[in-house]
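Trainee: Quick one: the structure is below, questions incoming.
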Amino acid sequence: MKKSFVSKIKLSQLAVWENIKKQRIPLSFGLELTARCNNNCRHCYINLPAADKKAKEKELSFDEIKKIVDQAVDLGAAWCLITGGEPLLREDFFDIYLYLKKKGVLTSVFTNATLINQRHIKFFQNYPPRDIEVTVYGVTRKTYESVTRKSGSFEAFMTGLNLLLQSGIKVRFKTMALRSNLKELPRISAFCRERSDDYFRFDPFLQLRFDGNKERNNEIKSERLRPEEIGAIEKKDLERLRALEKECDKFILPGLAYTDCDRLFRCGAGRDSFTVGYDGFLRLCPSLYHPSCIRNLKKGSLSEAWQDFIPRVRDMRSKRKEFLAKCRKCELINLCPWCPAHAYLETGELDTPVDYFCKIAHVKAEFLLPALSK
Numbered sequence: 014m015k016k017s018f019v020s021k022i023k024l025s026q027l028a029v030w031e032n033i034k035k036q037r038i039p040l041s042f043g044l045e046l047t048a049r050c051n052n053n054c055r056h057c058y059i060n061l062p063a064a065d066k067k068a069k070e071k072e073l074s075f076d077e078i079k080k081i082v083d084q085a086v087d088l089g090a091a092w093c094l095i096t097g098g099e100p101l102l103r104e105d106f107f108d109i110y111l112y113l114k115k116k117g118v119l120t121s122v123f124t125n126a127t128l129i130n131q132r133h134i135k136f137f138q139n140y141p142p143r144d145i146e147v148t149v150y151g152v153t154r155k156t157y158e159s160v161t162r163k164s165g166s167f168e169a170f171m172t173g174l175n176l177l178l179q180s181g182i183k184v185r186f187k188t189m190a191l192r193s194n195l196k197e198l199p200r201i202s203a204f205c206r207e208r209s210d211d212y213f214r215f216d217p218f219l220q221l222r223f224d225g226n227k228e229r230n231n232e233i234k235s236e237r238l239r240p241e242e243i244g245a246i247e248k249k250d251l252e253r254l255r256a257l258e259k260e261c262d263k264f265i266l267p268g269l270a271y272t273d274c275d276r277l278f279r280c281g282a283g284r285d286s287f288t289v290g291y292d293g294f295l296r297l298c299p300s301l302y303h304p305s306c307i308r309n310l311k312k313g314s315l316s317e318a319w320q321d322f323i324p325r326v327r328d329m330r331s332k333r334k335e336f337l338a339k340c341r342k343c344e345l346i347n348l349c350p351w352c353p354a355h356a357y358l359e360t361g362e363l364d365t366p367v368d369y370f371c372k373i374a375h376v377k378a379e380f381l382l383p384a385l386s387k
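As numbered in my numbering, residues 14 to 387 make up the sequence shown, in order.
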């Protein structure tokens with residue numbers, strides 16, 4: 014690797030960090046309305062039963078949400094992603110959504126679509142969302158309900174989805190690649206792409222539970238695909254493969270080993286976005302739950318957290334030799350599910366390498382390296 018190129022990498026990193034240290038503008042934020050869900054998906058990292066009283070008691074009130082939205086807009090936020098759990102379970106969903114719209118915020122919604130009815134359709138037609146993203150767990154009742162573990166959920170999903178598609182509301186699709194739907198993934202992909210001219214994405218990485226529930230974590234691990242299986246489905250999906258090959262020079266970074274960086278966070282978490290949990294805790298990204306990296310907005314302002322707390326979190330360093338010698342200098346880091354947030358959920362530490370993640374990165378690199386050499 015030429016020295017000049019290595020120098021450019023270092024200068025680029027310094028420039029990025031200087032921008033981070035300056036006053037930043039949060040362009041977007043995620044708003045989790047609830048952790049409750051009407052399904053009980055085997056792989057989910059957050060869901061609690063729809064009737065869970067303790068979870069409902071922890072949820073931000075409408076007034077608390079309005080206060081956070083006001084502060085976010087004052088800071089410069091222009092787009093909000095409403096998510097959960099299943100956000101449509103909130104009785105005040107329409108009020109929350111309308112408040113965001115009235116504040117001029119572009120608003121997207123993540124939903125499983127099983128609760129969508131004519132009232133939702135009329136509402137969204139009157140107040141169009143930026144988009145509604147629907148998760149597709151399967152395209153047959155057997156596969157879908159083996160994931161959701163809820164009898165009747167497939168019929169409810171198809172009914173709600175068809176209402177959305179017939180209404181002209183912008184719908185995007187995603188799925189999770191699971192042990193339970195692996196054989197049906199090609200059909201899921203075709204199902205989604207036939208029904209939308211927008212992007213379809215699937216995620217083969219399943220993160221562990223935020224609450225650390227051991228039984229549920231074991232269920233998630235049982236649904237994870239082996240690294241070789243992940244590589245195989247990446248290669249079989251030609252649209253995804255072409256995109257990966259086209260951008261592989263951004264995923265595989267020769268010369269990274271020559272950089273010297275002990276910072277934990279080199280991702281975009283907390284740079285121009287943030288997430289507010291259903292319980293009012295501010296997080297740099299949806300996955301970051303380490304106690305040192307969250308701030309209770311019920312006890313302090315978003316502005317203070319954005320200007321003081323988040324920069325301090327992003328300035329966290331590591332002294333773990335294994336991490337600095339392995340992950341921090343790995344040229345495949347952008348192919349890897351590793352990040353401080355995922356590392357914490359896996360190991361209880363922000364800076365511990367995870368062997369499963371490493372194997373995924375190397376499997377992907379095997380079929381992307383030839384594209385990089387072209």
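Glycine included, every Cβ here is placed at the ideal spot set by N, Cα and C.
#1: To which residues of the same chain is GLU228 closer than 8 Å at the C-beta, ignoring the five residues directly before and after it?
#2: Just checking my contact of ILE201 with GLY151 at CB under 8 Å: how many whole Å lie between their CB atoms?
#3: Straight-line CA distance for THR47 to ALA374?
#4: Does DSSP put ASP87 in a helix, a strand or coil?
#5: Given a cut-off of 9 Å, decide if VAL149 and ALA188 are closer than it, judged by their beta-carbon atoms.
#6: Report the three-state DSSP secondary structure of PHE380 (helix, strand or coil).
#7: Quick check: LEU221 and LEU61, are their CB atoms within less than 9 Å of each other?
#8: ILE145 and THR124: beta carbons closer than 9 Å?
#9: Measuring straight from C-alpha to C-alpha, what distance separates CYS205 and GLY313?
#10: Pop quiz: GLY97 and THR288 are said to be a contact at Cβ under 8 Å. What is the actual Cβ separation, rounded to whole angstroms?
#11: What span of residues does the alpha helix (DSSP H) with LYS227 cover, start to end?
#12: Could you check whether the stretch 229–238 touches the stretch 349–357, counting it as contact only if at least three pairs of C-beta atoms, one from each stretch, sit closer than 8 Å?
#13: With a threshold of 7 Å on Cβ separation, who are the neighbours of ASN194 within its own chain once the five nearest residues in sequence on each side are excluded?
#14: Does the Cβ of TYR212 have 16 or more other Cβ atoms within 10 Å, making it buried, or fewer, making it exposed?
#15: Sorted by chain position, which residues of the same chain lie with C-beta nearer than 7 Å to PRO217's C-beta, five sequence neighbours on each side aside?
#16: Which residue or residues does DSSP assign as beta-bridge partners of GLU189?
#17: Taking GLU232 as the reference, which of LYS196, LYS248, ARG192, LEU257 has the closest Cα?
#18: Helix, strand or coil: which one does DSSP assign to CYS50?
Mentor: Once the coordinates are examined:
#1: Working through the sequence shown from its first residue, we reach residue 228 at position 215. Around GLU228, the same chain offers no residue with a beta carbon nearer than 8 Å, after the five sequence neighbours per side are excluded.
#2: Stepping through the sequence shown from its first residue, residue 201 is reached at position 188. Stepping through the sequence shown from its first residue, residue 151 is reached at position 138. Contact holds; Cβ gap of about 7 Å.
#3: Numbered from 1 along the sequence shown, position 34 holds the residue referred to as residue 47. Numbered from 1 along the sequence shown, position 361 holds the residue referred to as residue 374. Roughly 33 Å separates the two Cα atoms.
#4: Here residue 87 corresponds to residue number 74 of the sequence shown, with the count starting at 1. Three-state DSSP puts ASP87 in a helix.
#5: Taking the sequence shown and counting its residues from 1, the one referred to as residue 188 is at position 175. Taking the sequence shown and counting its residues from 1, the one referred to as residue 149 is at position 136. Sequence check: residue 188 is Thr here, not Ala. Cβ distance < 9 Å, so THR188 and VAL149 count as in contact.
#6: Counting from 1 along the sequence shown, the entry for residue 380 is found at position 367. Three-state DSSP puts PHE380 in a helix.
#7: Position 208 of the sequence shown holds residue 221. Position 48 of the sequence shown holds residue 61. Cβ distance not < 9 Å, so LEU221 and LEU61 don't count as in contact.
#8: Reading the sequence shown from its first residue, position 132 is the one you call residue 145. Reading the sequence shown from its first residue, position 111 is the one you call residue 124. Yes, they are a contact pair.
#9: Here residue 205 is taken as the residue at index 192 of the sequence shown, counted from 1. Here residue 313 is taken as the residue at index 300 of the sequence shown, counted from 1. Cα to Cα, the separation comes out at about 42 Å.
#10: Translated into the one-based positions of the sequence shown, residue 97 becomes position 84. Translated into the one-based positions of the sequence shown, residue 288 becomes position 275. Actually they are not in contact, since the Cβ atoms of GLY97 and THR288 sit about 12 Å apart, beyond 8 Å.
#11: By one-based count along the sequence shown, residue 227 stands at place 214. Element bounds for LYS227: 227–236.
#12: no
#13: The residue you call residue 194 lines up with position 181 of the sequence shown. The residues are TYR150, GLY151, THR156, VAL160, ILE201.
#14: Start at 1 with the first residue of the sequence shown, and residue 212 comes out as number 199. Its Cβ having fewer than 16 others within 10 Å, TYR212 is exposed.
#15: For the purposes of this step, residue 217 is taken as residue 204 along the sequence shown, with counting starting at 1. Short of 7 Å from the beta carbon of PRO217, and not among the five residues preceding or following it, lie these beta carbons of its own chain, in chain order: ALA190, LEU238, ILE243, ILE246.
#16: Position 176 of the sequence shown holds residue 189. Per the sequence presented here, residue 189 reads as Met, with Glu not at that position. Bridge partners of MET189: ASP216.
#17: Here residue 232 is taken as the residue at index 219 of the sequence shown, counted from 1. Among LYS196, LYS248, ARG192, LEU257, the Cα nearest to that of GLU232 is on ARG192.
#18: Within the sequence shown, numbered from 1, the residue matching residue 50 stands at position 37. If DSSP states are grouped into helix, strand and coil, CYS50 belongs with the strands.
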